[in-house]
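Under the working numbering, the first residue of the sequence shown is numbered 14, with each subsequent residue one higher. Cβ coordinates follow ideal geometry from the N, Cα and C atoms, glycine included. Since the structure is predicted, the reported quantities are computational estimates derived from the model, not experimental observations.
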Amino acid sequence: GMSFAFFFLAEFVELFLLPGFMVLLFFGGWHGPLFGLDPTSFAAGLLQSFYFLVKVAVWVWIFLWIRATLPRFRDDQLMDLAWKGLLPLSLVGLLVAALFRMFLEVL
């Protein structure tokens with residue numbers, strides 16, 4: 014029904030929003046390799062939009078490639094991974110960071 018349609022619509026929107034935020038935050042956003050253009054010119058605006066869209070398209074392609082290549086996990090497998098794998102690993106990381114900070118304060 015309608016909830017199923019909205020679920021897949023949200024998944025489709027996420028496929029484009031997540032790479033967009035990744036490009037903005039971590040991959041230079043609209044900045045490209047060409048220098049010397051007046052940043053306020055129309056040509057520079059088009060070129061920057063092109064750079065941004067190309068970077069987003071590359072990440073969308075990578076996401077689709079990974080989704081098509083890797084097997085899907087069941088919910089119980091994901092919960093098992095989270096509780097038995099990732100939670101202990103994060104607690105060990107927290108402990109190491111706290112001990113490291115405590116060691117630095119002693120010095």
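| Asked | Found |
| --- | --- |
| Counting beta carbon pairs with one atom in the region 52-62 and one in the region 79-90, are three or more of them shorter than 8 Å? | no |
| Would DSSP call G33 helix, strand or coil? | helix |
| Please give the ranges of any alpha helix (DSSP H) in the region 37-104, keeping only runs that are unbroken, at least 4 residues long and fully inside the region. | 55-82, 88-94 |
| Could you check whether V69 and G33 sit closer than 7 Å to each other, using their CB atoms as the reference points? | yes |
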